[in-house]
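Under our numbering, think of the first position of the sequence shown as 7, with each following residue one higher.
Below you'll find the structure, written out as structure tokens, and then a few comments.
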Amino acid sequence: MEELVQRLVQRTDLDEATARKAIGAIFTFLHQEGPADKVKDLMARIPDAPAYVDTEEGDAATLGGLGGLMGGGVMAVLSKLQGLGLGIGDIQAVTQETIGFAREKAGREAVDDVIAGIPGLSQFV
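The following block contains the structure:
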């Protein structure tokens, strides 16, 4: 995961701590929203990925707050990334790099299976 953190720092204006939080937000979102068996397989293929999943955050039904008002799911993770200070351009860069990294490490099919299992996500990646 250090490789991904460094890619994000180089491609965006994010510092390492914010890059790690952004990766965590994305992986936690996939864990909460994706098909459990496919996400488990994906996480097992990416070294150190499970360490970036916040299991204390609860499931999608408990996200509540602004994300809940905006429909949860994809909107909730966008809200969380914006809460880290990321603008739309940063969010796009972080998402593209993270998905690209996951495809490199786990394979395109494993990543695409998770994306296909999350309503609305395919239009953002």
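Here a beta-carbon is modelled for each residue, glycine too, at the ideal position from N, C-alpha and C.
Please read these numbers as outputs of a predicted model, since none were measured by experiment.
For the alpha helix (DSSP H) that contains residue i, what are its first and last residues?
i	result
S85	G79 to G89
F35	E22 to E39
A55	Unbroken run through A55: none, as it is neither H nor E.
A107	Before going further, note that residue 107 is Phe rather than Ala in the sequence given. From DSSP, the alpha helix (DSSP H) with F107 extends over I94 to A112.
Q16	E8 to R17
Quick test of your reading: residue i and residue j, contact by CB under 8 Å. State the CB separation rounded to the nearest angstrom.
i	j	result
D47	A116	6 Å
G34	A99	One detail in the question is off: residue 34 reads as Thr in this sequence, not Gly. Actually they do not touch by this definition, with Cβ atoms about 19 Å apart.
L36	E103	At roughly 15 Å, the Cβ-Cβ gap does not stay under 8 Å, so L36 and E103 are not in contact.
L10	F130	Not confirmed; about 18 Å, so no contact.
Checklist entry - Contact between the segment 78-95 and the segment 53-60: three or more CB pairs below 8 Å? => result no
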